[in-house]
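The sequence shown stops at residue 53 when you use the UniProt record's numbering, and every number in between is there.
The structure appears below as structure tokens.
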Amino acid sequence: MVAEVEGGRLFQINSYGSDARQIPGKLSQTLQFTEDSARHLYNALKAEFGFSD
């Protein structure tokens, strides 16, 4: 999901855990990335796994 916020865009990843949890389908975690933090994550993944542009 990408959201427009004051000062730019956010890329958001939501996780919901397993179907066996106490409340199935309940949001478990949210990760939000600005363009800068997404670039840092991409560069780390690229270095670790050898992704090419």
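No residue lacks a Cβ here, since even glycine has one placed at the ideal position from N, Cα and C.
Shown here, R21 sits in coil according to DSSP, grouped into three states, outside any helix or strand. In the displayed model, S37 falls within a helix according to three-state DSSP. Nearest Cα to V5 within the set D53, Q32, Q22, L41: Q32.
Where L10 is concerned, the enclosing beta strand (DSSP E) starts and stops at 8 to 15.
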